[in-house]
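Chemist:
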Amino acid sequence: MRIGTGLPNQVRDMRPEVIPTWARQAEEAGFTSLSTVGRYAYPGVSDTVALAAAAAVTSRIELVSGVLLGPAWPGKLLAKELAGIDGISGGRLTVGLGVGARPDDYVVEGYGSQGRGARFDRDLEDFRDIWDGKPVGGGPNPAVPPGTRQVPMLFGGFAPAAFDRMARWGQGYVGGSLPAPAVAPTFDAARAAWREAGREGSPRLVALVYYALGDGEAGRRNVYDYYSATGEELAVMISAAVCTSPAMVTDAISAFTDIGADDVILNTGTDDIDDLKRLADVIF
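Counting the sequence shown from 1 gives a position; this note's numbering is that position plus 1.
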């Protein structure tokens, strides 16, 4: 089991200046990965900015977007951004992608929520070509420097298309920020799609868990606020599952181990850097 942790890039009204310090301390503590949370119509820091900042101040830890809303971006521009982050990090980026469910995250004219799935499928073709160094814009120039690799991709989501994309393009699946019993059927669906596509081995299965070990109530309020746009029932379920004690953290890791997760990424409910230290004390 690999244990990662998340940057506080989408905690409401978080302090952006904490991100580099958070990234350095996560690596020093021994976490295997460092993740972001993706949303645009919210007072936080974009995944790409947070990951680039983390790439610049770390040297070993894997960087993961969990998950970035791909079709909210012009695909060719996003491909270049991701290749740049991967290059700066020395090849440590794994990009988790999804289409999202909140219309207000699609804020760029021409890149609305309608038709986002079909647009995303076209973008994935562009990602491959751009990362292969093929020319863009009708001229002779590629968008990326020599040595750019195909950035590993994970996919999140609950629709059949999400599992199909994972099986075709990805290395694995990112579960929703829900308790293990609710995530287990999606892990099963990911395994099934992988087999049906004739892929060898098994998909990488990543679980997301929220924690707030200092001010647990503040953490739960923040998580509830973040998910409130998706409906009361889901917001209550996710915020109630926030781990507010060491025992809850270890129980959550055990539960996801039991359903076959390869990684558990513990996302923070606050931007309190001391909470990262508390989490490291529990894990290590």
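For each residue, glycine too, the CB sits at the ideal point set by N, CA and C.
Owing to the predicted nature of the structure, the values given are computational and were not obtained by experimental measurement.
State whether the segment 172–182 contacts the segment 197–205, with contact taken as three or more CB pairs (one from each stretch) at a distance under 8 Å.
Modeler: Contact between the segment 172–182 and the segment 197–205 is present, because at least three Cβ pairs lie under 8 Å.
Chemist: For residue 231, count the other beta carbons within 10 Å of its own beta carbon; 16 or more makes it buried, fewer makes it exposed. Which is it?
Modeler: exposed
Chemist: Should residue 255 be labelled buried (16 or more other beta-carbon atoms within 10 Å of its own) or exposed?
Modeler: exposed
Chemist: Confirm, please, whether the CB-CB distance from residue 97 to residue 269 is below 9 Å.
Modeler: no
Chemist: So who's on the other strand from residue 205, going by DSSP bridges?
Modeler: 173
Chemist: Pick helix, strand or coil for residue 10, following the three-state DSSP scheme.
Modeler: coil
Chemist: Please classify residue 104: does DSSP put it in a helix, a strand, or coil?
Modeler: helix
Chemist: Measure the C-alpha to C-alpha separation of residue 257 and residue 265 and round it to an integer number of angstroms.
Modeler: 7 Å
Chemist: Excluding sequence positions up to five away, which residues of its chain have a Cβ less than 7 Å from the Cβ of residue 38?
Modeler: 7, 10, 11, 67, 268
Chemist: Would you kindly check if the distance between the Cβ of residue 40 and the Cβ of residue 76 is under 9 Å?
Modeler: In this structure, residue 76 sits away from residue 40, with a CB-CB distance that is not shorter than 9 Å.
Chemist: What are the complete alpha helix (DSSP H) segments, minimum 4 residues, inside the segment 242–274?
Modeler: Scanning the segment 242–274 from its first residue to its last, the whole alpha helix (DSSP H) runs of 4-plus residues come out as 247–259.
Chemist: Round the Cβ separation of residue 271 and residue 215 to the nearest angstrom and send it over; I've been treating them as touching at under 8 Å.
Modeler: 7 Å
Chemist: Excluding the 5 residues flanking residue 157 on each side, which residues of the same chain have their C-beta closer than 8 Å to its C-beta?
Modeler: 67, 68, 97, 98, 99, 163, 174, 175, 176, 177
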